[in-house]
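Participant:
Residue numbers (the numbering used here), protein chains in the order written: chain C, 37 to 357; chain E, 104 to 245.
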């Protein structure tokens, strides 16, 4: 193990019940990803290694470590850290990777290092993982799983595929170290933009009795399922705009991350009743007070972006793909 | 009454404990600037499932079934698009108290499990159930 990364203790925790390592892994000469590695409580020598990603893009894997399934957690609305009786490291060695560069405590040295896409993120993650094995070679023989939630539905399969590609190079003797990848796990993850998340959202709202049938019928009759799709636009944008706004007005105020759960005051992600789209919109708009009705695709945003924040266009391709 | 996780992660003693150098930026749950500069790729990750199945990798997708952000319904739609043969039909799964924890269906190469009654952060909100699902699955236990 890389002893300089050993965690000797955590504030407010009496004594760590497993070995923890926290440090940095190079994803490139200028990108350094922060990781926390927590060994298994049962059989660290033989239990699988499981790499974990939170989503976003832009969210830290320490969310999972300290809130979801790490050995010590802080629950919604609580102001103390406590032992988790059901951590994922019960019978697994869990590697929490903050990715891509710029997320959480992960860092980059160049401005351009903060721009990412699915492929670049997965290449960086593979480089970081290979470096992790350099420092922890004793785990090379353990089974390896990649896992993640939310936008981790993209990160996780991409990294699994990158590891698979890497292992193919071992076969042709282009690289030496084969990783013992067995599979991957995704929880509530994005996968297929044409059918999951936004395109299925009105059906979900109807299935949870949050919108009337007439609203769903209007949405479907006007082919609004392609509402967020720049490549296959809906037949009637005006009707789709109005219907989408009506749908959003009806669920607004509920907890988007759990429709049956209360919104927690001051509770991190849960305090946001606003949708992901609102969040992205607020990023684009910055501090200005101008607000947009929900449901603009990139191409619809483009003229406004060009006028107010032209530097954004330099960062984006003009083609929707 | 701020978010305590951010307070905790940004404490000087916690940063020291985690070996975070002083020059590193404060910790944020989610960095909007990274999000705003991220280019989503239209193809998503659907295509990778087909490749990984071909090479015999195991895949598990679980879904908290009251999530509005990435709803179970949307996930079931792309899984049905795979058109993969069903090995074990849709059936409830249980944790130790005989309560239904969710439902599970096994396709060739992919297991899909719902976590009943919780949303996006299912591993947090049903810790015992999801940890059991996760642990059993990686160890090939029933």
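C-beta: ideal position from N, C-alpha, C; glycine also.
1. Whose C-alpha, out of C:103, C:185, C:84, is nearest the C-alpha of residue 94 (chain C)?
2. Below 7 Å CB to CB, which residues in the same chain sit around residue 220 (chain C) once its five sequence neighbours on both sides are set aside?
3. Buried or exposed: residue 174 (chain C), going by 16 or more other Cβ atoms within 10 Å of its Cβ?
4. If you draw a straight line from the C-alpha of residue 121 (chain E) to the C-alpha of residue 215 (chain E), how long is it?
5. Quick one: what does DSSP say residue 73 (chain C) is sitting in, helix, strand or coil?
6. What's the C-alpha gap between residue 119 (chain C) and residue 125 (chain E)?
7. Helix, strand or coil, according to DSSP, for residue 91 (chain C) in the structure here?
8. Here's the rule I'm using: 16 or more other beta-carbon atoms within 10 Å means buried, otherwise exposed. How should residue 189 (chain E) be labelled?
9. Would you say residue 134 (chain C) reaches chain E, if we count a Cβ-Cβ gap shorter than 7 Å as a contact?
10. Which residue wins for smallest C-alpha separation from residue 132 (chain C), given the options C:171, C:75, C:149, C:83?
11. Out of curiosity, what's the CA-to-CA distance linking residue 236 (chain C) and residue 168 (chain E)?
12. Give a yes or no on whether 7 Å exceeds the smallest Cβ distance from residue 295 (chain C) to chain E.
13. Measure from the C-beta of residue 219 (chain E) to each C-beta in chain C and report whether the shortest distance is under 7 Å.
14. Which of the three DSSP states is assigned to residue 66 (chain C) in this structure?
15. Between the Cα of residue 268 (chain C) and the Cα atoms of E:220, E:226, E:145, E:238, which residue gives the shortest distance?
16. Can you name, in chain order, every residue of its own chain whose Cβ lies under 6 Å from the Cβ of residue 231 (chain E), other than the five neighbours on each side?
17. What's the gap between the Cα of residue 286 (chain C) and the Cα of residue 296 (chain C)?
18. Could you list which residues in chain C have their beta carbon closer than 7 Å to that of residue 204 (chain E), in chain order?
19. By DSSP, does residue 242 (chain E) sit in helix, in strand, or in coil?
20. Taking C-alpha atoms, which residue in C:105, C:61, C:278 lies nearest to residue 233 (chain E)?
21. Flag residue 227 (chain C) as yes if its beta-carbon sits less than 7 Å from any beta-carbon of chain E, otherwise no.
22. Establish whether the CB of residue 204 (chain C) and some CB of chain E are separated by less than 7 Å.
23. Tell me the rounded alpha-carbon separation between residue 223 (chain E) and residue 78 (chain C).
24. So who's on the other strand from residue 162 (chain E), going by DSSP bridges?
25. Since residue 211 (chain E) meets chain C, which of its residues come closer than 7 Å, beta carbon to beta carbon?
26. Tell me whether residue 115 (chain C) is buried or exposed, calling it buried when 16 or more other Cβ atoms sit within 10 Å of its Cβ.
27. Which partner residues of residue 118 (chain C) appear in the DSSP bridge assignment?
28. So, do the region 173 to 180 of chain E and the region 106 to 120 of chain E have three or more beta carbon pairs nearer to each other than 8 Å?
29. For residue 201 (chain E), decide whether its Cβ has a neighbour in chain C, counting only Cβ atoms nearer than 7 Å.
30. Given a cut-off of 7 Å on the beta-carbon distance, is the pair residue 207 (chain C) and residue 179 (chain C) in contact?
31. Can you tell me whether residue 211 (chain C) is buried or exposed, with buried defined as 16 or more other CB within 10 angstroms of its CB?
32. For the region 149 to 169 of chain C against the region 151 to 166 of chain E, are there 3 or more C-beta pairs whose distance is under 8 Å?
33. In chain order, what residues of the same chain lie with their CB nearer than 7 Å to the CB of residue 241 (chain E), ignoring the 5 residues before and after it?
34. Taking all protein chains shown into account, do 16 or more other C-beta atoms lie within 10 angstroms of the C-beta of residue 127 (chain C), making it buried, or fewer, making it exposed?
35. Name the residues in the region 105 to 117 of chain E whose C-beta lies less than 9 Å from a C-beta of chain C; which are they?
36. Listing by chain order, which chain C residues have their CB less than 9 Å from the CB of residue 189 (chain E)?
Facilitator: According to the structure data:
1. If you number the first chain from 1, residue 94 (chain C) lands on position 58. Answer by Cα proximity: C:185.
2. On the first chain, position 184 is the one that residue 220 (chain C) refers to. Once the five neighbours on either side are set aside, the close Cβ partners of residue 220 (chain C) are 181, 182, 183, 192, 193, 196.
3. Numbered from 1 along the first chain, position 138 holds the residue referred to as residue 174 (chain C). Exposed is the call here.
4. Position 18 of the second chain, counted from the first residue, corresponds to residue 121 (chain E). Position 112 of the second chain, counted from the first residue, corresponds to residue 215 (chain E). Taking the straight line joining both Cα atoms gives about 35 Å.
5. Here residue 73 (chain C) is taken as the residue at index 37 of the first chain, counted from 1. Residue 73 (chain C): strand per DSSP, three-state reduction.
6. On the first chain, residue 119 (chain C) is found 83 positions in, with the first residue counted as 1. On the second chain, residue 125 (chain E) is found 22 positions in, with the first residue counted as 1. Rounded to the nearest angstrom, the two C-alpha atoms are 28 Å apart.
7. Within the first chain, the letter at position 55 stands for residue 91 (chain C). DSSP places residue 91 (chain C) in coil when its eight states are reduced to three.
8. Counting from 1 along the second chain, the entry for residue 189 (chain E) is found at position 86. Counting Cβ neighbours within 10 Å, residue 189 (chain E) comes out exposed, since fewer than 16 surround it.
9. As a first step, residue 134 (chain C) must be located in the first chain, where it is residue number 98. Output row for residue 134 (chain C): interface = no.
10. Residue 132 (chain C) sits at position 96 when you count from the first residue of the first chain. Selected option, being the one with the closest Cα: C:75.
11. Here residue 236 (chain C) corresponds to residue number 200 of the first chain, with the count starting at 1. Here residue 168 (chain E) corresponds to residue number 65 of the second chain, with the count starting at 1. When rounded, the distance between both Cα atoms is 14 Å.
12. Position 259 of the first chain holds residue 295 (chain C). Cβ-Cβ to chain E under 7 Å: yes for residue 295 (chain C).
13. By 1-based counting over the second chain, the position of residue 219 (chain E) is 116. It does not: the Cβ of residue 219 (chain E) has no partner Cβ on chain C nearer than 7 Å.
14. For this step, residue 66 (chain C) is matched to residue 30 along the first chain. Residue state, collapsed to three classes: coil.
15. Numbered from its first residue, the first chain carries residue 268 (chain C) at position 232. The option with the nearest alpha carbon to residue 268 (chain C) is E:145.
16. Locating residue 231 (chain E) in the second chain gives position 128, counting from the first residue. Only 198 meet the Cβ criterion.
17. Here the question's residue 286 (chain C) lines up with position 250 in the first chain. Here the question's residue 296 (chain C) lines up with position 260 in the first chain. It is roughly 15 Å from the alpha-carbon of residue 286 (chain C) to the alpha-carbon of residue 296 (chain C).
18. On the second chain, residue 204 (chain E) is found 101 positions in, with the first residue counted as 1. Correct list: empty, because the minimum Cβ distance to chain C is about 13 Å.
19. Taking the second chain and counting its residues from 1, the one referred to as residue 242 (chain E) is at position 139. If DSSP states are grouped into helix, strand and coil, residue 242 (chain E) belongs with coil.
20. For the purposes of this step, residue 233 (chain E) is taken as the residue at position 130 of the second chain. The candidate whose alpha carbon is nearest that of residue 233 (chain E) is C:105.
21. Taking the first residue of the first chain as 1, we reach residue 227 (chain C) at position 191. Yes - at least one Cβ of chain E is within 7 Å of the one on residue 227 (chain C).
22. Here residue 204 (chain C) refers to the residue found at position 168 when the first chain is read from its first residue. Interface annotation, residue 204 (chain C): not in contact with chain E, CB-CB separation never under 7 Å.
23. Mapped onto the second chain, residue 223 (chain E) falls at position 120. Mapped onto the first chain, residue 78 (chain C) falls at position 42. Computed Cα separation, rounded: 28 Å.
24. Against the second chain, residue 162 (chain E) aligns to sequence position 59. Within the DSSP bridge table, the entry for residue 162 (chain E) names C:220, E:213 as partners.
25. Taking the first residue of the second chain as position 1, residue 211 (chain E) is located at position 108. Per Cβ cutoff of 7 Å: no residues; residue 211 (chain E) is ~13 Å from chain C at best.
26. Against the first chain, residue 115 (chain C) aligns to sequence position 79. So residue 115 (chain C) counts as exposed.
27. The residue you call residue 118 (chain C) lines up with position 82 of the first chain. Answer is C:109, bridged to residue 118 (chain C).
28. no
29. One-based indexing of the second chain puts residue 201 (chain E) at position 98. No, its Cβ sits nowhere closer than 7 Å to a Cβ of chain C.
30. Taking the first chain and counting its residues from 1, one reaches residue 207 (chain C) at position 171. Taking the first chain and counting its residues from 1, one reaches residue 179 (chain C) at position 143. Contact flag unset, no.
31. Translated into positions along the first chain, residue 211 (chain C) becomes position 175. Classification of residue 211 (chain C): exposed, given that the 10 Å Cβ count is below 16.
32. The region 149 to 169 of chain C vs the region 151 to 166 of chain E: no contact.
33. Taking the second chain and counting its residues from 1, one reaches residue 241 (chain E) at position 138. For residue 241 (chain E), where only same-chain residues beyond five positions count, there are no Cβ hits under 7 Å.
34. Position 91 of the first chain, counted from the start, is the residue given in the question as residue 127 (chain C). The residue is buried, with at least 16 neighbouring Cβ atoms inside 10 Å.
35. From the region 105 to 117 of chain E, only 105, 106, 107, 108, 109, 110, 111, 112, 114, 116, 117 have a Cβ closer than 9 Å to chain C.
36. What you label residue 189 (chain E) is simply residue 86 of the second chain in a count that begins at 1. By Cβ distance, chain C contributes nothing, its closest Cβ being about 19 Å from residue 189 (chain E), past 9 Å.
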